[in-house]
Each structure stands twice: as C-alpha cells, then as structure tokens.
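The opening position of the sequence shown corresponds to residue 103 in my numbering, with each subsequent residue numbered one higher. Virtual Cβ for every residue (Gly too), placed ideally from N, Cα, C. What you are looking at is a predicted structure, and each value in this text was computed from that prediction instead of being measured.
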Amino acid sequence: MSVVFNVALPVFAIILAGVLSGKAKLLGPASSEALNKFVYWMALPPVLFLGTAKRSLSEIFNGPFIGAFLGSMLAVYALGALLGWLIHRERTQIQCMQGLNACFSNTGYMGIPLFLAAFGPDRLAPAILATVIMSAIMVGIAVIWLEFANSQGGGIGKALRDVGRALVKNPLIISTALGLAWSVFLSGVPVPRPIAIYCDLMGASAGPCALFAIGLFLATQSLKANLLEVGWISALKLVVQPALAWFLIQTLFPLDPFWAGSAIILAGLPTGALTFVVASQYRIYVERTSAAILMSTIASVVTLSFLLATYAPPL
C-alpha cells in the first residue's frame with residue numbers, strides 16, 4: 103500500500119488543489135486554458151523527446167505491450183459503441199463518441215506525471231508508447247469514423263488527410279518522432295548537456311502542471327448529463343479495460359513484471375480530455391463527454407489506487 107500513499111495520494115492531491123483553486127476563483131477559465139497550452143506545447147514535449155532519445159527502439163516499441171494495451175482499448179471501443187447502440191439506439195456518430203470515451207486513457211496528462219512520480223524519468227517508455235498510441239491511432243480512428251459518418255460514405259479521403267495534418271501538428275507526436283530519430287541516427291551519442299538540462303527543467307514542470315490543469319478543468323464541469331450512461335462508460339474505462347489488458351497479458355502477450363504492470367495501470371486511467379476536444383470539434387456528445395471525464399476521474403481515486411497497490415511495477 104506504500105505506493106498508494108507515496109504516489110497516488112500526492113497525484114490526486116495536486117488534482118484536488120486545481121479543483122479547489124478553480125472553485126475558489128483563484129484561477130479562472132483563462133488560467134486553465136493558458137496552463138493547458140503550456141503543458142501541451144512546452145512541458146510535455148521535452149519529456150517525450152528526452153525519454154525516447156535516450157533509449158533504443160527495442161526498449162520503446164515493445165510488441166507484446168502494444169498487443170495488450172491496444173488490444174484491450176480496441177475491444178472496449180467496440181464494446182462501448184455496441185452498448186451505446188443496444189441501450190440508447192442513437193446515431194452512429196454518438197456511438198463513436200461513446201466508444202471513444204470508454205477506452206481513451208488519459209496517458210498524457212495523468213499517465214506520464216504518474217510514472218514520473220512513481221518510477222522516475224528513466225522508466226517512462228510505457229507511458230510514452232501509450233501516449234503515441236492514443237494520439238496517433240485512437241484519435242485517428244475516431245476522426246475517420248466521424249468524417250465518414252458525416253459525409254455518408256464519401257469523405258474517407260478527406261478524413262485521412264485531416265488525421266495526417268493533425269498528427270504532423272501534434273507536439274507530442276513531433277517530439278516523440280524527434281527523439282526516435284535521435285535514437286536511430288545518433289545512437290550512442292548523448293544529447294548535448296544544454297539541451298538535456300533544458301528538457302529536464304521544462305519536463306520537471308510537466309507532471310504538477312498537467313495534474314493541476316486536470317483539476318482546473320474538472321472545477322468547471324458538472325454531472326448534468328445522463329448519469330446512467332456516463333456510469334457504464336466509466337465502468338468500461340476503469341474496470342473492464344484494465345481487466346482485458348490483464349487477460350491479454352496472461353493469454354496472448356506475456357510481459358515482464360514492469361511492462362505488464364504498466365499496461366494494466368495505463369489501461370485503467372480515467373478518460374482523457376482529448377475526447378472533449380474531438381467532441382467540441384464535431385459539436386457532438388459534448389456534455390456527456392465532459393461528464394464522462396469528470397466521473398471517471400473522480401472514480402479513479404479508488405480504482406487507480408487499487409491498480410497501483412496491486413500491479414505497480416517493481417523498481
């Protein structure tokens with residue numbers, strides 16, 4: 103249980119500090135937007151660059167981890183969309199968002215800070231790989247689905263172009279690609295000390311700022327949406343997805359204890375805020391997406407603490 107008190111408690115305490123600051127009007131919506139942009143564009147990219155530049159491709163691209171993490175995510179995506187259709191009988195765009203909210207882990211704003219706090223900057227590879235999967239694959243699937251649905255089958259080419267443009271502008275993808283390029287083409291060459299120090303200094307702010315930004319975001323949200331619907335979406339995210347990741351590891355994708363525990367914990371993170379960006383962009387399922395992020399984050403205080411206590415990778 104020491105990992106719960108030493109890691110989970112401080113992590114959720116920072117989120118709570120953000121919530122209280124937002125509720126007390128110490129920091130308003132403008133502060134939340136500015137802090138989010140700082141984390142997204144300035145703080146997280148150096149962490150991802152340095153984390154990949156210092157490691158070989160074999161250390162980062164762990165095939166069984168990708169199979170277990172991505173497999174559990176795709177299964178929950180399909181299950182969430184199917185349950186949305188069976189229970190609510192809503193149109194296909196909404197089923198897409200129900201599935202996305204049920205499977206999209208908050209790896210960038212919570213996973214990376216959590217791994218920094220729990221295991222240090224040298225053991226970020228699973229969180230970085232998970233972030234790339236979330237940004238490149240899951241958002242891509244959702245955008246293609248939504249574009250295809252909106253154009254009644256005629257917009258797949260445009261959807262692919264939109265996904266491509268979004269990826270080349272994504273600072274998390276760009277910084278990871280630069281780190282991978284350094285790892286491949288300058289293997290064995292250390293990152294120059296001034297660059298490394300800059301990345302370390304900026305990266306040190308990523309964890310607390312990202313967690314605090316989550317709190318500020320949650321302070322502006324409410325649970326006015328359909329609680330039953332948001333409830334089963336949160337249950338899929340926090341309970342079913344990590345259980346599926348564990349099952350896949352036990353049956354198809356055996357992993358060493360560190361990568362196995364990482365896959366399960368990352369699969370059990372609450373719904374990421376990027377789903378809200380997608381919902382807002384397409385003006386669909388916005389209120390319920392916001393409620394799913396809020397409910398899953400609150401409930402993850404219990405579920406994520408349990409996963410950390412049970413599956414925290416050994417150091």
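message: Contact defined as beta carbons within less than 8 Å: I believe leucine 368 pairs with alanine 279. What is the distance between those atoms, to the nearest angstrom?
response: Their Cβ separation, rounded to whole angstroms, is 21 Å, which puts leucine 368 and alanine 279 out of contact at 8 Å.
task: Can you give me the Cβ contacts of tyrosine 387 inside the same chain, cut-off strictly under 6 Å, excluding the 5 residues immediately before and after it?
output: Ile196, Met199 and Ala381
field: Supposed close pair leucine 325, valine 121 - CB separation, criterion 8 Å
entry: The Cβ separation is near 14 Å, so there is no contact.
Alpha-carbon spacing of glycine 255 relative to alanine 244, whole angstroms: In this predicted model, glycine 255 has a pLDDT of only 49, less than 50, meaning its place in the structure is not dependable; the value taken from the coordinates is given anyway. Their Cα atoms are separated by approximately 15 Å.
query: Could you give the C-beta distance for leucine 202 and threonine 377, rounded to a whole number, given that I count them as a contact under 8 Å?
result: 5 Å
- prompt: In three-state DSSP terms, what is serine 289?
  reply: coil
- prompt: What does serine 418 pair with, by DSSP beta-bridge criteria?
  reply: This structure cannot speak to residue 418, because the chain is shown only from 103 to 417.
task: Determine contact between the segment 139-148 and the segment 301-319, defined as no fewer than three beta-carbon pairs at a distance below 8 Å.
output: yes
field: Start-to-end residues for the alpha helix (DSSP H) that takes in aspartate 224
entry: Note, aspartate 224: premise wrong, no alpha helix (DSSP H); not H, not E.
- request: Please look up how many angstroms separate the CB atoms of serine 277 and methionine 236, rounded, as I've assumed it's under 8 Å.
  value: Wrong, their Cβ atoms sit about 15 Å apart, outside the cutoff.
field: Buried/exposed call for valine 286, threshold 16 Cβ in 10 Å
entry: exposed
field: Residue from Leu185, Ala345, Gln352 and Ile297 with nearest C-alpha to leucine 371
entry: Ala345
- prompt: Considering only C-alpha positions, which residue in the set Leu338, Gly374, Ala298 and Phe314 is nearest to proline 112?
  reply: Phe314
message: Assuming glycine 165 is part of the alpha helix (DSSP H), what are its boundary residues?
response: 165-190
Whole-angstrom distance between leucine 137 and serine 289, CA atom to CA atom: 34 Å
- prompt: Do you know whose CA, among Val234, Gly165, Leu303 and Trp284, lies nearest tyrosine 211's CA?
  reply: Val234
- prompt: Based on Cα-Cα distance, which residue from Ala220, Arg385 and Leu274 lies nearest to serine 407?
  reply: Ala220
message: Once DSSP output is grouped into helix, strand and coil, what is the label at arginine 385?
response: coil
message: Which same chain residues end up closer than 7 Å to leucine 274 when comparing Cβ atoms and leaving out the 5 residues on each side of it in sequence?
response: Leu146, Pro147, Leu150, Gly210, Thr233 and Ser237
- prompt: If you draw a straight line from the C-alpha of valine 141 to the C-alpha of glycine 213, how long is it?
  reply: 14 Å
query: Which same chain residues, not among the five before or five after isoleucine 168, have their C-beta less than 8 Å away from its C-beta?
result: Leu231 and Ile235
- prompt: In whole angstroms, what is the alpha-carbon distance linking serine 336 and cysteine 301?
  reply: 35 Å
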